[in-house]
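Top to bottom, those sequences are chains Y, G and W. For the first sequence, this note's numbering gives the first residue as 111, with consecutive numbering after it. For the second sequence, this note's numbering gives the first residue as 111, with consecutive numbering after it. For the third sequence, this note's numbering gives the first residue as 111, with consecutive numbering after it. The C-beta atom is built at its ideal place from N, Cα and C for all residues, glycine as well.
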Amino acid sequence: MIHSTAIVSPRAQLGRDVSVGPFTIIHDDVVIGDGSTIDSHCEIGYPTALAEGAKLEIGAKALIRSHSIFYAGSRFGERLVTGHRVTVRERTHAGANFQIGTLGDIQGHCEIGDYVRFHSNVHIGQHSKIGNFVWIFPYVVLTNDPHPPSHVMMGATVEDYAAIATMSIILPGVRLGQGCLIGAHSSVNRDVAPDTVAAGAPAKFVCNTNAVKLKDGSGRTAYPWRHHFHRGYPEAVVQQWLAEAAALANLS
Amino acid sequence: MIHSTAIVSPRAQLGRDVSVGPFTIIHDDVVIGDGSTIDSHCEIGYPTALAEGAKLEIGAKALIRSHSIFYAGSRFGERLVTGHRVTVRERTHAGANFQIGTLGDIQGHCEIGDYVRFHSNVHIGQHSKIGNFVWIFPYVVLTNDPHPPSHVMMGATVEDYAAIATMSIILPGVRLGQGCLIGAHSSVNRDVAPDTVAAGAPAKFVCNTNAVKLKDGSGRTAYPWRHHFHRGYPEAVVQQWLAEAAALANLS
Amino acid sequence: MIHSTAIVSPRAQLGRDVSVGPFTIIHDDVVIGDGSTIDSHCEIGYPTALAEGAKLEIGAKALIRSHSIFYAGSRFGERLVTGHRVTVRERTHAGANFQIGTLGDIQGHCEIGDYVRFHSNVHIGQHSKIGNFVWIFPYVVLTNDPHPPSHVMMGATVEDYAAIATMSIILPGVRLGQGCLIGAHSSVNRDVAPDTVAAGAPAKFVCNTNAVKLKDGSGRTAYPWRHHFHRGYPEAVVQQWLAEAAALANLS
Numbered sequence: 111m112i113h114s115t116a117i118v119s120p121r122a123q124l125g126r127d128v129s130v131g132p133f134t135i136i137h138d139d140v141v142i143g144d145g146s147t148i149d150s151h152c153e154i155g156y157p158t159a160l161a162e163g164a165k166l167e168i169g170a171k172a173l174i175r176s177h178s179i180f181y182a183g184s185r186f187g188e189r190l191v192t193g194h195r196v197t198v199r200e201r202t203h204a205g206a207n208f209q210i211g212t213l214g215d216i217q218g219h220c221e222i223g224d225y226v227r228f229h230s231n232v233h234i235g236q237h238s239k240i241g242n243f244v245w246i247f248p249y250v251v252l253t254n255d256p257h258p259p260s261h262v263m264m265g266a267t268v269e270d271y272a273a274i275a276t277m278s279i280i281l282p283g284v285r286l287g288q289g290c291l292i293g294a295h296s297s298v299n300r301d302v303a304p305d306t307v308a309a310g311a312p313a314k315f316v317c318n319t320n321a322v323k324l325k326d327g328s329g330r331t332a333y334p335w336r337h338h339f340h341r342g343y344p345e346a347v348v349q350q351w352l353a354e355a356a357a358l359a360n361l362s
Numbered sequence: 111m112i113h114s115t116a117i118v119s120p121r122a123q124l125g126r127d128v129s130v131g132p133f134t135i136i137h138d139d140v141v142i143g144d145g146s147t148i149d150s151h152c153e154i155g156y157p158t159a160l161a162e163g164a165k166l167e168i169g170a171k172a173l174i175r176s177h178s179i180f181y182a183g184s185r186f187g188e189r190l191v192t193g194h195r196v197t198v199r200e201r202t203h204a205g206a207n208f209q210i211g212t213l214g215d216i217q218g219h220c221e222i223g224d225y226v227r228f229h230s231n232v233h234i235g236q237h238s239k240i241g242n243f244v245w246i247f248p249y250v251v252l253t254n255d256p257h258p259p260s261h262v263m264m265g266a267t268v269e270d271y272a273a274i275a276t277m278s279i280i281l282p283g284v285r286l287g288q289g290c291l292i293g294a295h296s297s298v299n300r301d302v303a304p305d306t307v308a309a310g311a312p313a314k315f316v317c318n319t320n321a322v323k324l325k326d327g328s329g330r331t332a333y334p335w336r337h338h339f340h341r342g343y344p345e346a347v348v349q350q351w352l353a354e355a356a357a358l359a360n361l362s
Numbered sequence: 111m112i113h114s115t116a117i118v119s120p121r122a123q124l125g126r127d128v129s130v131g132p133f134t135i136i137h138d139d140v141v142i143g144d145g146s147t148i149d150s151h152c153e154i155g156y157p158t159a160l161a162e163g164a165k166l167e168i169g170a171k172a173l174i175r176s177h178s179i180f181y182a183g184s185r186f187g188e189r190l191v192t193g194h195r196v197t198v199r200e201r202t203h204a205g206a207n208f209q210i211g212t213l214g215d216i217q218g219h220c221e222i223g224d225y226v227r228f229h230s231n232v233h234i235g236q237h238s239k240i241g242n243f244v245w246i247f248p249y250v251v252l253t254n255d256p257h258p259p260s261h262v263m264m265g266a267t268v269e270d271y272a273a274i275a276t277m278s279i280i281l282p283g284v285r286l287g288q289g290c291l292i293g294a295h296s297s298v299n300r301d302v303a304p305d306t307v308a309a310g311a312p313a314k315f316v317c318n319t320n321a322v323k324l325k326d327g328s329g330r331t332a333y334p335w336r337h338h339f340h341r342g343y344p345e346a347v348v349q350q351w352l353a354e355a356a357a358l359a360n361l362s
């Protein structure tokens, strides 16, 4: 399952049933879990002194699509899925079921929880902290330097269930509260309260998220999104979300 | 004309005089028209269940530049031209003379007319509908989900001759009228009338397009652009545009 | 030091101790200086008639990271460093110590000075003029067409020491004065005076740059950045900057 044109270091540790596509390079300091697929034209475990000797650890059942580049010194839980040509630098630590869309650029030195999903072309600056079940949409940038260029690094923090819509920028040190929504094309320079919508440049409070109605004719609220959007989440988690929604409906 | 390092499926159907560059992969479900060139490091016909068995059909005289990825299940008319590292997913249906700039990311499930030109790094969400002779400039995003994440998909519609300037975002379900111009760095949340300029965030009416003067000292109006910009269009089409311009001049 | 899978034209001129990675292509009209490293999956010297016969000249000690593409007809001073998957077209003329971040897209026909640093994913339109010691941050676009599409090309000018923060767009013909700072998410449609901060859409004067304080507890001003940020600059240059800072401190 290793293509004959792939170049795999004898020092790399590949689990059982790992597939490696044509023209892919796997460097020395790499550990890949069982049942993972690495597509063509990838470069996995790109060496860097900044990894400080740490290996690249990719959990079981990963799917890394073609033309992607991962540096040494990062680690990922099970079922990592990427689009094409993602770039992930050293000291990126992510949980299980992380999805990175095509062209994603993760600068490393950041912490990412479980079930986080990045759509295409997001840029995650160093020292970002991202919780669980977070969604980040295309062309969003998380920054870190309040007066570039400088040595001051103030990463953004994104709490669980938050969603950042397309082409928004999160300025250094900003905290996005649990379940908040950042509207498209926003520039966020202040913290955003949990379960609120902020939008604009600079972003301002718009409403509570539960005031946004689903445009599907149901009359239901669109947030928390976990009450109606379940694609790709495990059954146990979805049941918990449905129970939460039912309890909320009984309250009101 | 197939490079010795290229990997071409025996099931792929290549026309006459098709050239395939080094380190390029052509998968099973691919039909490429006569006289086409596929550069190096490409992946053509990436398999996906979402193609539902449909082949990737690329018309004659295509030029696909290096590091590009096309999924199975899309089709293109003659003379497709791409920049480097474009990504085009399944069920993208485009007409003739389509140009996609470097880094373009077409999410699939969309309809695109003839003579459409994307500059670098555009992102086209699923369910977008794009007419003929449309121009889309760098870092423009066409979105589709009014309250992400959700199952509601409302693609944008871009009518013939419209132009969307750099780093603008078109929000879900918006229709851009024929010949309109969207100013750079805009966020468009409402329909835009034909032959008008809209700009800002949120985008608002600025003027009719024919009020914009060409900055070339000629004193002529800059729109409709087809009255003065003809590079790469066929002679018959240009003659029609020139006749239209002459008729308009006689009227005024 | 040429990997066995690399394809290097016998007409390319490689200096001493040049390293070429796997699956990389080096075309005919290429001159690479001593001690340079070209990573894997690159395409160097992509042929184009627009180069008008000029070679691609890369100075000594370059580091070009994987998946990058350089066209024929450009030239670079010593110590060029790139991230991954950069695209640089013909007639890009840059000085020494140029850095281009991952996904950078330089459209060619532009002039760039010494010690210029682009972070990830910048787009430099044709006819841009960039001075020395300039910083450009992610998702910044320099445009050139005042009424797209047209034949009028008015490149932007960026003077020495200027910094353009993330996701800003510089409109055609705009001049950014020496040492100015463009705030993140700005759209700049007018010239910006030296040593001032401009921000917003459209960008407006905010303050003089020396009114911005460093967020490091030092109480010092954040600009000119050269008075406190020295990473990667040569000792002689840094000493000059420190002397300038000391003289300024004595004045005040």
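Reduced DSSP secondary structure (H/G/I, E/B, other) of residue i
| i | result |
| --- | --- |
| leucine 213(W) | coil |
| histidine 151(W) | coil |
| threonine 197(W) | strand |
| alanine 159(G) | helix |
| asparagine 320(W) | helix |
| histidine 337(G) | helix |
| phenylalanine 247(W) | coil |
| arginine 189(G) | coil |
| valine 302(G) | strand |
| arginine 175(Y) | coil |
| phenylalanine 228(Y) | strand |
Contact set for residue i: own chain, Cβ-Cβ below 6 Å, skip 5 residues either direction
| i | result |
| --- | --- |
| isoleucine 280(Y) | Leu252, Ala266 and Val298 |
| arginine 227(W) | Gln209 and Trp245 |
| tyrosine 181(G) | Tyr156, Thr158, Arg199 and Glu200 |
| glycine 205(Y) | Gly187, Gly223 and Asp224 |
| leucine 124(G) | Ile142 |
| alanine 355(G) | His337 |
| isoleucine 364(Y) | There is simply no residue 364(Y) to check, as chain Y begins at 111 and stops at 362 in what is shown. |
| phenylalanine 243(Y) | Tyr225, Asp270 and Tyr271 |
| leucine 324(G) | Arg330 and Ala332 |
| tryptophan 335(G) | none |
| glycine 366(W) | Residue 366(W) cannot be examined here, being either before or after the span of chain W that is shown, 111 to 362. |
| glutamate 167(G) | Val141 and Arg185 |
Residue j beta carbon less than 8 Å from that of residue i
| i | j | result |
| --- | --- | --- |
| phenylalanine 247(W) | threonine 276(W) | yes |
| glycine 287(W) | alanine 303(W) | yes |
| arginine 126(W) | aspartate 144(W) | yes |
| histidine 151(W) | serine 176(W) | yes |
| glycine 283(G) | valine 316(G) | no |
| aspartate 178(W) | histidine 203(W) | The sequence shown places serine at residue 178(W), not aspartate. For serine 178(W) and histidine 203(W), no; Cβs fall outside 8 Å. |
| aspartate 149(Y) | glycine 131(Y) | yes |
| valine 250(W) | isoleucine 274(W) | yes |
| threonine 147(Y) | serine 129(Y) | yes |
| alanine 311(G) | alanine 311(Y) | yes |
For residue i, the residue or residues it bridges with in DSSP
| i | result |
| --- | --- |
| valine 140(G) | Leu166(G) |
| glycine 310(G) | Ala313(G) |
| serine 297(Y) | Ile279(Y) |
| cysteine 220(Y) | Thr202(Y) |
| serine 129(G) | Thr147(G) |
| threonine 331(W) | Lys323(W) |
| histidine 233(W) | Asp215(W) and Val251(W) |
| threonine 267(G) | Lys239(G) and Arg285(G) |
| alanine 92(W) | The structure shown does not extend to residue 92(W), since chain W is modelled only from 111 to 362, so the question has no answer here. |
Spatial neighbours of residue i in its chain, beta-carbon cut-off 8 Å, leaving aside the 5 residues before and after
| i | result |
| --- | --- |
| arginine 201(W) | Leu160, Ala161, Ala164, Gly183, Ser184, Gly218, His219 and Cys220 |
| proline 256(Y) | Val262, Met264, Leu281, Pro282 and Gly283 |
| aspartate 301(Y) | Val284, Arg285, Leu286 and Gly287 |
The alpha helix (DSSP H) enclosing residue i, as first and last residue numbers
| i | result |
| --- | --- |
| alanine 346(W) | 345–361 |
Boundaries of the beta strand (DSSP E) in which residue i is found, first to last residue
| i | result |
| --- | --- |
| threonine 115(Y) | It is not in any beta strand (DSSP E) - threonine 115(Y) carries neither H nor E in the DSSP assignment. |
| phenylalanine 180(Y) | 179–181 |
Proximal residues to residue i (C-beta, below 7 Å), its chain only, five neighbours per side dropped
| i | result |
| --- | --- |
| lysine 314(G) | Ala308 |
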